[in-house]
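**Q**
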Amino acid sequence: MNRILVLYDSKTGNTAKMARLVAEGAAAISDTEVRLRSVAEAKPEDVAWCDGLAVGSPTNMGVLSWRMKQFWDDPMLEQWMKVDGKIACAFSSAGAWGGGMELACQSILTILINFGFLVFGLTDYAGKLTTAHYGAVTAREPREPDAQAACRLLGKRLAEWTAVYMHGRSDEHPARKTAERKGPG
Ligand SMILES: Cc1cc2nc3c(=O)[nH]c(=O)nc-3n(C[C@H](O)[C@H](O)[C@H](O)COP(=O)(O)O)c2cc1C
């Protein structure tokens, strides 16, 4: 069973909405169990349980929220050197475009790298003008279909990578699926 944790902080509900979409995307991959946990309810055991982790935070002063930072500084510290090699990605909601949501994703990825997670971004486009190269990002709630699609795509890709790298399910490799969709020639 593929195990995905979507861990998020959200003060006014926007990142929580993104988290639900990321979880939905992950659940689209067969044989995948998804846990959705706010940072207030999450336990280090949830991180230990998962194969893949998506971490979301509101953009606060261009970085992750203090609540999310505290989770990694404090309860998670005991897990340092015990969670290496799991796969992870980031998402963030800011007040407005240009507000630093990609910087916030980078700050989340920096923490995850420090813990030994293998982190990734998306090269795919979720819409004509929307991608998630450094993680899924939105201004406020994910209202537009493309912003919602980016969240779902991030979760789906996370579950695909864990299926491939943690469970040897090479049929789930995104490049292979694309090649199969295109067919021979
Ligand atoms: C302390 C604090 C700092 C913030 N800093 C930024 C910021 O640097 N850039 C920005 O665009 N929005 C900033 N915001 C706005 C939030 O990122 C934005 O409202 C976001 O959608 C909130 O997500 P949430 O509903 O999940 O809490 C800040 C909000 C707070 C409370």
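Note that our numbering gives residue 165 to position 175 of the sequence shown, counting from 1, and the numbers run on in steps of one.
Yeah, the Cβ is synthetic: ideal placement off N, Cα and C, and Gly gets one too.
#1: Under the rule that 16 or more other beta-carbon atoms within 10 Å means buried, what is Glu92, buried or exposed?
#2: Does the distance between the C-beta of Ala6 and the nearest non-hydrogen atom of ligand 1 fall short of 7 Å?
#3: Can you give the beta carbon distance from Leu148 to Gly42, rounded, assuming they're within the 8 Å contact cut?
#4: According to the neighbour-count rule (16 or more other Cβ atoms, all chains shown, within 10 Å of its Cβ), is Asp(-1) buried or exposed?
#5: Return the bridge partner residues of Tyr186 from the DSSP annotation.
#6: Can you tell me whether Gly103 is buried or exposed? The criterion is at least 16 other CB atoms within 10 Å of its CB, across all chains shown.
#7: What separation, rounded to the nearest whole angstrom, lies between the Cα atoms of Thr2 and Gly85?
#8: Buried or exposed: which applies to Met181, given that a residue is buried once 16 or more other Cβ atoms fall within 10 Å of its Cβ?
#9: Where does Ile77 sit, in a helix, a strand or coil, going by DSSP?
#10: Going by beta-carbon coordinates alone, are Met58 and Glu23 separated by less than 8 Å?
#11: Since Val154 is in the alpha helix (DSSP H), which residue starts that stretch and which ends it?
#12: Give me the Cβ distance between Thr25 and Ser83, rounded to the nearest whole Å; I'm assuming they're in contact under 8 Å.
**A** On the basis of the supplied data:
#1: Glu92 is classed as buried because its beta carbon has at least 16 other beta carbons within 10 Å across all chains shown.
#2: Yes; taking the cut-off as 7 Å, the Cβ of Ala6 has a heavy atom of ligand 1 nearer than that.
#3: With a Cβ gap of about 5 Å, Leu148 and Gly42 count as contacting.
#4: Answer is buried; the Cβ neighbour count reaches 16.
#5: Only positions -9 to 175 of the chain appear in the structure, and residue 186 is not among them; the question remains open.
#6: Checking the sequence, you will find Ile at residue 103 rather than Gly. Result: exposed.
#7: The alpha-carbon atoms of Thr2 and Gly85 are separated by roughly 11 Å.
#8: This structure gives no information on residue 181, because the portion of the chain shown stretches from -9 to 175.
#9: Three-state DSSP puts Ile77 in a strand.
#10: No, the Cβ-Cβ distance between Met58 and Glu23 is not below 8 Å.
#11: Going by DSSP, Val154 is part of the alpha helix (DSSP H) stretching over 135 to 157.
#12: Correcting the residue type first, residue 25 is Arg in the shown sequence and not Thr. Rounded, the Cβ-Cβ distance is 20 Å, inconsistent with contact.
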